[in-house]
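Novice: Once you've had a glance at the structure underneath, I'll fire off some questions.
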Amino acid sequence: MYIAFAPLQGYTDAVYRRAHHECVGGVDEYYTPFVRIEKGEVRKKDLRDTDPEANAGVPTVPQVIAADGDEFARLCDALQEQGWRRIDLNMGCPFPMQVKAGRGSGLLQHPDRIEEIQREMLRRPEVLFSVKMRLGQESIDEGLAAMPIINEMPLIHVTLHPRLGRQQYKGTADREAFCRFYESSRHPLVYNGDIGEIENGKLKVENWAGTKLKGVMIGRGLLARPWMTGDKEPAQVLHDMHAIVYRHAVEALCGDSQILARLHAFWEYIDIPHKQKKAVMKATSLPRYREAVAAAMQMI
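Here it is, written out as structure tokens:
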């Protein structure tokens, strides 16, 4: 079964992706947080994260978010200049700032712009594309109306998170709606949403018969339990991954506040006892942080 690690802004950067790949593994592709246009330019911070040197040896897929064909083309150009020949399009981000700009799940309300992107994909036969999407922004009808266009895109798969954009991450994933999209899709589908555990390589949620279900993409579930795609004990995984993230933070960032902000992000989703997690997250100096982490590791 194909397993992908979903991107989360501020959490799954190149350092974290490498730490997971080296210490745990079991993931076929790690998706980057989306590369975007900001103030009329491709954001340089995003391109630093997709730098091939920073991702060498890690099976990485850069993701872009675009409002129309022009933005999509500029983002693809920037990534192709870096040497990428595999790109994912985000049509699922539910954050209001992106939705209002017609990006992410907001793009699903603009079939004409999706057609522009489809034409741009067809101009780039050297690139392997995929799409990550929601059911729609306001209604499932938006996503279903977009499917005929998406079916004509040259895609290796479609990842579907079966929530509406306006729900963000509230409520439960609509697996019945996923089945409707499964029936309407010509492309292999990857399931994403509310995946908490994998056992013996099999997803512990409802599975769908047929060859179009390619696998799963996991985001928050893997951030909470990064060990679940490997065979190491949780304490060992956290110790090894934390050592890599900690070393990079100390070497690359300046001052306790910047370093701690990055380190707190590592722990934010981790599934450990509340008391120990609270001590780690409230640490305001590196010495106190190290003490809190040492205490937390003993409880895992």
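First residue of the sequence shown: 3, per the numbering used here; consecutive thereafter. The C-beta atom is built at its ideal place from N, Cα and C for all residues, glycine as well.
(1) Check whether the stretch 55 to 75 touches the stretch 115 to 125, counting contact only when three or more Cβ pairs, one atom from each stretch, lie closer than 8 Å.
(2) Just reading off the beta strand (DSSP E) that Asp90 is part of, what are its end residues?
(3) Quick check: the Cα distance between Leu81 and Leu130, rounded to an integer number of angstroms?
(4) Got a sec, what are the start and stop residues for the alpha helix (DSSP H) Pro98 sits in?
(5) Tell me, to the nearest whole angstrom, how far the beta carbon of Ile151 is from that of Val160; I am working on the premise that it is less than 8 Å.
(6) Taking only the alpha-carbon atoms, compute the straight-line gap between Arg105 and Ala147 and give it to the nearest angstrom.
(7) Along the chain, where does the beta strand (DSSP E) containing Leu130 start, and where does it finish?
(8) Between Thr286 and the rest of its own chain, which residues show a CB-CB distance below 8 Å, the 5 nearest in sequence each way excluded?
(9) Between which residues of its own chain and Asp273 is the CB-CB distance below 6 Å, once the five residues before and five after are set aside?
(10) CB-CB under 7 Å to Arg121, same chain, minus the five flanking residues each way: which ones, in chain order?
(11) Bridge partners of Met219, per DSSP?
(12) Going by Cα to Cα distance, which pick from Glu293, Gln169, Ile5, Ser132 is closest to Ile158?
(13) Cutting at 8 Å between CB atoms, please list the residues of its own chain near Gln11, excluding the five before and the five after it.
(14) Rounded to a whole number of angstroms, what is the C-alpha to C-alpha distance between Gly203 and Glu43?
(15) By the three-class DSSP mapping on this structure, what secondary structure does His189 have?
(16) What is the residue span of the beta strand (DSSP E) that Arg165 lies within?
(17) Please name the residue or residues paired with Arg40 in a DSSP beta bridge.
(18) Between which two residues does the beta strand (DSSP E) holding Tyr32 run?
(19) Beta-carbon separation of Lys279 and Ala298 under 8 Å?
(20) Do Arg136 and Gly167 come within 8 Å of each other at the CB atom, strictly closer than that value?
(21) Excluding the five sequence neighbours on either side, which residues of its own chain have a C-beta within less than 6 Å of the C-beta of Leu288, listed in chain order?
(22) Use the C-beta contact count for Lys134: other C-beta atoms within 10 angstroms, 16 or more gives buried, fewer gives exposed.
(23) List the residues that DSSP assigns as beta-bridge partners of Val17.
(24) If I'm right that Arg67 touches Cys25 with Cβ under 8 Å, what's the distance once you round it to whole angstroms?
(25) Would you kindly check if the distance between the Cβ of Ala8 and the Cβ of Met243 is under 8 Å?
Specialist: Inspection of the coordinates gives the following:
(1) yes
(2) 88 to 93
(3) 12 Å
(4) 98 to 102
(5) Not really, about 12 Å apart at Cβ, beyond 8 Å.
(6) 17 Å
(7) 130 to 138
(8) Asp258, Leu262
(9) Ala226, Arg227
(10) Gly71
(11) Ala6, Asn194
(12) Ser132
(13) Pro35, Phe36
(14) Model confidence at Gly203 stands at a pLDDT of 47, short of 50, so the residue's coordinates are unreliable and nothing is read from them.
(15) coil
(16) 157 to 166
(17) This sequence places Glu at residue 40; Arg is not what is there. DSSP lists Glu43 as partners of Glu40.
(18) 31 to 33
(19) yes
(20) yes
(21) Asp258
(22) buried
(23) In the DSSP output, where bridge partners are listed per residue, Val17 has none listed.
(24) Checking the displayed sequence, the identity of residue 67 turns out to be Ile instead of Arg. The Cβ separation is near 29 Å, so there is no contact.
(25) no
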